[in-house]
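At position 13 of the sequence shown the residue is numbered 35 (the working numbering), and the sequence of numbers has no breaks.
A short worksheet on the structure shown next.
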Amino acid sequence: MKLNGCILAEDLKGLEGSSLKSDPMELPLTGALIWQEGISLRENYIYIMSAEDLERIPKKHAALTVASIGKPSQEYLEREGMDILWVRPYLTPQMILSLLLKIFEKYRIFEEGLNRLCREGKPFSALTPVLLSVFSNPIIVVGEHMEILALSQNEDTCRIPCECRDGDTDFLRSSFEKAFCRAWKEEGGVSATEEGIPFLAVPVREENKIVLGIYLLSVTVPLTERDRILLCQTGQYLKCMRRVHFINSCQGMERMQSTLAQQAQSCRSFVEMPECLTRSLARLGWEQKGSYVCIVLKSAFFSKVSQREIPADELFENSSLMVKTGTEVFFLCNLLKVYGGVEEIGDEAGYRVGGSISGTGGQKNRANDSGCQF
23 MKLNGCILAE
33 DLKGLEGSSL
43 KSDPMELPLT
53 GALIWQEGIS
63 LRENYIYIMS
73 AEDLERIPKK
83 HAALTVASIG
93 KPSQEYLERE
103 GMDILWVRPY
113 LTPQMILSLL
123 LKIFEKYRIF
133 EEGLNRLCRE
143 GKPFSALTPV
153 LLSVFSNPII
163 VVGEHMEILA
173 LSQNEDTCRI
183 PCECRDGDTD
193 FLRSSFEKAF
203 CRAWKEEGGV
213 SATEEGIPFL
223 AVPVREENKI
233 VLGIYLLSVT
243 VPLTERDRIL
253 LCQTGQYLKC
263 MRRVHFINSC
273 QGMERMQSTL
283 AQQAQSCRSF
293 VEMPECLTRS
303 LARLGWEQKG
313 SYVCIVLKSA
323 FFSKVSQREI
333 PADELFENSS
343 LMVKTGTEVF
353 FLCNLLKVYG
363 GVEEIGDEAG
373 YRVGGSISGT
383 GGQKNRANDS
393 GCQF
């Protein structure tokens, strides 16, 4: 478990200040103790002591995190490597220890919850209760194409405006997209949307590429350094979830094959999409609707976790997209990015998943100059 002085500082009631100088991400803390003379001091603990006791600590123990009861002298506040959180003198060591232990337990449960979601291959939407267990502000998790992967809010304290969605799809509305993209380019940080809603942006990278973005919206409470640090740590779990999310989007594969076969037999034509979805696809650089296959799948197909492992780099790669709306799930395959028409795509997809699968509608002529294999 990785905690740090900054996280703990924001949760200590009566906090007056701190002298954190080193990078808080390099301060993993695993426990808290009330200082007693003669005990051996460890860098991964936070020690609770009075300001007078702190000033008796030899300088050779510089790399320490301390909750000081009362404000230490300026010399100690400025000591290199010493991370000091000082609180009001009416707080007892037992009161502070109790608060710290509750915080450690809170974040332990938080990390366990994220870890469990990764192990079980849950979709991003399952993040909401875990995120709400720690963050009071609403959070949006978006993919590299600005599609909404998870959106949480605590209705007791603040609300996310419904207008953050582009129509009835789970793509961000253009004003939010512009603000979030701008924050990405600036390596994250605090910014605001055109509507004046402040947010904290944390880009999540994988192999030097931004693959996810976490955005903490603040409507009623100020943003804190603690939130930034926690979101950075959350990013490592989101990357794990992203790697299994593709498998999740193919849940109910056998049922999906059967449905697509029925659609092919009834010669159903191309499925008309909402205009807002067409606009969203245009933002991704996809061609007009006659250039790709569109199949409508009801969201019930994705209600259970798939037990079969489907390599994301082999199945659909970058030539397909799963888009959820409020009532339906659209499966799209871009014909300009693959060789072959509807039948060939169905054969290839069937080969990938070990069964027969067919597509509906779309344009049947071959892609002319694309080198992307399906």
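Don't be surprised by glycine CBs; every beta carbon is placed ideally from N, CA and C.
All of these numbers come straight from a predicted model, not from anything done at the bench.
Give me the residue from 170, 229 and 205 with the minimum Cα distance to residue 188.
Taking only the C-alpha atoms, the option nearest residue 188 is 170.
Any idea if residue 134 is buried or exposed, counting beta-carbon neighbours within 10 angstroms, 16 or more meaning buried?
With fewer than 16 neighbouring CB atoms inside 10 Å of its own CB, residue 134 falls in the exposed class.
How would you call residue 252, buried or exposed, if buried means at least 16 neighbouring beta carbons within 10 angstroms?
So residue 252 counts as buried.
State buried or exposed for residue 212, treating a residue as buried only when at least 16 other CB atoms are found within 10 Å of its CB.
Counting Cβ neighbours within 10 Å, residue 212 comes out exposed, since fewer than 16 surround it.
Local conformation of residue 160 per DSSP, three classes:
DSSP, reduced to helix, strand and coil, places residue 160 outside both helices and strands of the structure shown, so it counts as coil.
From residue 67 to residue 105, what distance separates their C-alpha atoms?
Using only the alpha carbons, I get a separation of about 11 Å.
Reducing DSSP to helix, strand and coil, say where residue 101 ends up.
In the structure shown, the three-state DSSP call for residue 101 is coil.
What residues are listed by DSSP as bridge partners for residue 71?
Residue 71 is bridged by DSSP to 90.
Given residue 311, which residues of its chain have a CB within under 6 Å of its CB, disregarding the five upstream and five downstream residues?
With a pLDDT of 42 at residue 311, under the threshold of 50, the modelled position of that residue is not reliable, and no figure is offered here.
Taking three-plus beta-carbon pairs below 8 Å as touching, is the region 122-130 in contact with the region 142-153?
They do not touch, by the three-pair rule.
In whole angstroms, what separates the C-alpha of residue 75 from that of residue 65?
Near 17 Å, if we compare the C-alpha coordinates of residue 65 and residue 75.
Across which residues does DSSP place residue 221 in a beta bridge pair?
Paired residue(s): 213 and 239.
Exposed or buried, which one is residue 255 when buried takes at least 16 other CB atoms within 10 Å?
Classification for residue 255: buried.
Among the residues of its own chain, which have a CB less than 6 Å from the CB of residue 148, if the five just before and after it don't count?
139, listed in sequence order.
Within this structure, are the beta carbons of residue 86 and residue 98 separated by less than 8 Å?
With a cutoff of 8 Å on beta-carbon distance, residue 86 and residue 98 are scored as not near each other.
Are the Cβ atoms of residue 63 and residue 161 separated by less than 8 Å?
In this structure, residue 161 does not lie closer than 8 Å to residue 63 by Cβ.
Spatial neighbours of residue 220 within its chain, please: C-beta separation below 6 Å, excluding the five flanking residues on both sides.
Around residue 220: 214 and 240.
Same chain only: Cβ atoms within 7 Å of residue 335, ignoring 5 sequence neighbours per side:
Annotation note: pLDDT 36 at residue 335 (below 50); position unreliable, no value reported.
CB of residue 206 within 8 Å of CB of residue 165, strictly:
The criterion of a C-beta distance shorter than 8 Å is not satisfied by residue 206 and residue 165.
Residue of 131, 120, 73 and 121 minimising C-alpha distance to residue 111:
That would be 73, whose Cα lies nearest to the Cα of residue 111.
Cβ-based burial, residue 225 [other Cβ within 10 Å; buried from 16]:
Classification for residue 225: buried.
Buried or exposed: residue 61, going by 16 or more other Cβ atoms within 10 Å of its Cβ?
Exposed, since its Cβ has fewer than 16 Cβ neighbours within 10 Å.
Expected contact under 8 Å - CB spacing of residue 132 and residue 158 to nearest Å
Their Cβ separation, rounded to whole angstroms, is 13 Å, which puts residue 132 and residue 158 out of contact at 8 Å.
Should residue 174 go down as buried or exposed, given a rule of 16 or more other Cβ atoms within 10 Å for buried?
The residue is buried, with at least 16 neighbouring Cβ atoms inside 10 Å.
Is there a C-beta anywhere in chain C that falls below 8 Å from the one on residue 163?
Judged by its chain identifiers, the structure shown contains no chain C, having just a single protein chain.
Own chain, CB closer than 6 Å to residue 71, minus 5 neighbours either side, in chain order:
So the list reads 57, once near-sequence residues are dropped.
Go through its chain and collect everything with a Cβ distance to residue 325's Cβ below 6 Å, but skip five positions before and after it.
Low per-residue confidence applies at residue 325: pLDDT is 33, beneath 50, and the placement is therefore not dependable, though the value from the model is reported in the following sentence. Cβ within range, chain order: n/a, list empty.
Between which two residues does the alpha helix (DSSP H) holding residue 125 run?
For residue 125, the enclosing alpha helix (DSSP H) begins and ends at 115-142.
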